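Structure first, commentary second.
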Amino acid sequence: MKAKFKTTCSECNAEISAGNEIAKTPSGKWVHKHCAPESEELP
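Counting in the working numbering, the sequence shown tops out at residue 54, every number present.
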């Protein structure tokens, strides 16, 4: 899934820019796709 807005990765605390690939954790927080375990990625 691509980010629609600028935010901060809750895993590495780096910036997520609009257009970056992201994933949602089970707790509902957004992280970079490469920061999320495979089981937490959205299709």
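By construction, the Cβ of each residue, glycine as well, lies at the ideal position given by its N, Cα and C atoms. For clarity, every value in this text was computed on a predicted model and none was experimentally measured.
Beta-carbon contacts of residue i that lie in its chain and below 7 Å, excluding the five residues immediately before and after
i	result
Lys-44	Glu-32, Ile-33, Ala-34, Glu-52
Inter-residue CB distance, residue i and residue j (contact presumed, cutoff 8 Å)
i	j	result
Ala-29	Phe-16	6 Å
Thr-19	Ile-27	6 Å
Assigned secondary structure, residue i (DSSP; H/G/I helix, E/B strand, else coil)
i	result
Lys-13	strand
Lys-35	strand
Of the listed residues the options, nearest to residue i (C-alpha basis)
i	options	result
Ala-14	Trp-41, Glu-22, Cys-23, Ser-21	Trp-41
Residues of its chain near residue i, where Cβ-Cβ distance is below 6 Å and the 5 sequence neighbours each way are ignored
i	result
Cys-46	Cys-20, Glu-22, Cys-23
Pro-48	none
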